[in-house]
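Asks: Each residue of the sequence shown is one higher than the one before, starting from 77 at the first, in this note's numbering.
In this text, a Cβ means the ideal position worked out from N, Cα and C, and glycines have one as well.
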Amino acid sequence: GALGLMTALETVRQLARAGTTPPIGVRFVDWADEEGARFSRSLLGSSACAGTLDPDEVRDLRDAGGVKLADALAQCGIDLDEAPAAVERLRGAVAYLELHIEQGPVLLDAGRLAAAVSGTVGVERHLMTFTGQAAHAGSTPMRLRQDSLAAAARAALAIRDSAIDHSGVATVGRMQSTPGVITAVAGSTEMQLDQRHLESGELAAMFAEAQEACREAAAEFNCTVEQRDVFRAAPTPFDAALVELVRTSVQEAGGEAGEPIPSGPLHDATEIGRVVPTAMIFAQSDPPISHAPIEDSPGRALAVAIDAYGRTVGSVLVGAGEMTSKGAV
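1. Using the three-state DSSP reduction, which class does residue 248 fall into: helix, strand or coil?
2. Take the Cβ of residue 212 as the centre, count every other Cβ of all protein chains shown within 10 Å, and call the residue buried at 16 or more, exposed below.
3. Count the C-beta pairs between the stretch 252-271 and the stretch 326-339 that are closer than 8 Å, then say yes if the count reaches three, no if not.
4. Between the beta-carbon of residue 204 and the beta-carbon of residue 290, is there less than 8 Å?
5. Indicate whether the contact test is met: 3 or more Cβ pairs, each with one atom in the stretch 346-356 and one in the stretch 124-131, closer than 8 Å.
6. Judging by CA-CA distance, which residue of 137, 145, 178 is the nearest neighbour of residue 364?
7. Within the continuous beta strand (DSSP E) that includes residue 218, where are the two ends?
8. Under the rule that 16 or more other beta-carbon atoms within 10 Å means buried, what is residue 273, buried or exposed?
9. Quick one: what does DSSP say residue 282 is sitting in, helix, strand or coil?
10. Just to confirm, is the Cβ distance from residue 79 to residue 176 under 8 Å?
11. For the stretch 107-171, which segments carrying the alpha helix (DSSP H) assignment without a break, of at least 4 residues, lie completely within its bounds, in sequence order?
12. Who are residue 272's beta bridge partners in DSSP?
13. Mark residue 285 as exposed unless 16 or more other C-beta atoms lie within 10 angstroms of its C-beta, in which case mark it buried.
14. Just how far apart, CA to CA, sit residue 143 and residue 136?
15. Taking 8 Å as the cut-off, does the stretch 186-200 touch the stretch 374-390 (at least 3 CB pairs, one atom from each stretch)?
16. Can you find a CB in chain B that lies within less than 8 Å of the CB of residue 280?
17. In three-state DSSP terms, what is residue 339?
18. Quick one, are the C-beta atoms of residue 145 and residue 163 less than 8 Å apart?
19. Residue 266 by DSSP, collapsed to three states: which one?
20. Might you give, ordered along the chain, the residues of its own chain that have their beta carbon closer than 6 Å to the beta carbon of residue 84, omitting 5 neighbours on each side?
21. Going straight from the alpha carbon of residue 223 to that of residue 210, what length do you get?
22. From what residue to what residue does the beta strand (DSSP E) around residue 352 run?
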């Protein structure tokens, strides 16, 4: 996001203005396609650097207009097959720090302006395609229909109940049916499913129940269902020592140390945290809404979070300098 990018950029500028050479290199990174809105595959750039991006698994993903991910990258001069080489960019990295707005209500509810993040949840993201038979809306009796949209809707509600039972979250962000006209039974319906949980076992149970719900709904409405895997991410705990540095920095910047909070949204730190010691800082969201025009954060929260970010970077550099003097870096 803009907050994290501009804070990191200004931190690098401040280091340059100081006129001294840091004990280790400091890099500012603007990751490609964190959101994944176009192809439903998040964290594209950071997963390439982390070594978890398999070109063969994503090359045929298509956007709403039918354009393949590999072709879209090629139009920008990027060869998807070169993605594995990106791991070299992180070789020797000793720490990664990211600042982001919380995008939720936890900090606002607790009266905290900023906080350290303990880690990010696991994610299962899939396309479920229900296939029935397109038919005339007037001449086809209800009992004889093969209604793919009805099957998808039934499954979506069951998946919602499952998420509640497991204290997780599940979202059907999009359904698309064909032929897509008011006078026809839906012959085919594609459902985009996103499930998240902090615990790997609970997430696996949620996904298994989602698969069963889709099979049962398809059978109920005389349809079939096929699954296509889009994206998976295991829960990622952040580096305990770095998280503690952030907690201290938040307190020094005028916030409450408090306990670290988990992140429900994914961030590039999710991928980088698999290979490099990682930490994040959240700034309070008020109103606690994201992905909407009213998204905002108060100036006091931003000031504390930005200050804490700079302090944490400074602490990491001091620690690296001490290790360098001892020959450990």
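Replies: Let me lay it out:
1. Residue state, collapsed to three classes: strand.
2. Of the residues assessed, residue 212 falls on the exposed side of the cut-off, its CB having fewer than 16 other CB atoms within 10 angstroms.
3. No: fewer than three Cβ pairs fall under 8 Å.
4. Taking the C-beta atoms as reference points, residue 290 is found nearer than 8 Å to residue 204.
5. Three or more Cβ pairs closer than 8 Å define a contact, and the stretch 346-356 meets that threshold against the stretch 124-131.
6. Residue 364 has its Cα closest to that of 178, out of 137, 145, 178.
7. Taken as a continuous stretch (DSSP letters only), residue 218 belongs to no beta strand (DSSP E), as it is neither H nor E.
8. Around the beta carbon of residue 273, 16 or more other beta carbons sit within 10 angstroms, so the residue counts as buried.
9. Here residue 282 carries a helix assignment [DSSP, helix/strand/coil].
10. Yes.
11. Taken in chain order, the complete alpha helix (DSSP H) segments of 4 residues or longer contained in the stretch 107-171 are 120-126, 131-134, 145-151.
12. Checking the DSSP bridge columns, you'll see residue 272 partnered with 199, 245.
13. It counts as buried.
14. Residue 143 and residue 136: Cα-Cα distance of roughly 9 Å.
15. At 8 Å Cβ cutoff, the stretches touch.
16. The displayed structure is made up of one protein chain only, and chain B is not part of it.
17. Residue 339 falls in the strand class under three-state DSSP.
18. With a cutoff of 8 Å on beta-carbon distance, residue 145 and residue 163 are scored as not near each other.
19. Reduced to three states, the DSSP call for residue 266 is strand.
20. A distance below 6 Å between beta-carbons, with the five flanking residues on each side excluded, links residue 84 to the following residues of its chain, in chain order: 104.
21. Between residue 223 and residue 210, the alpha-carbon positions lie close to 8 Å from each other.
22. Premise fails: residue 352 is in no beta strand (DSSP E) and is neither H nor E.
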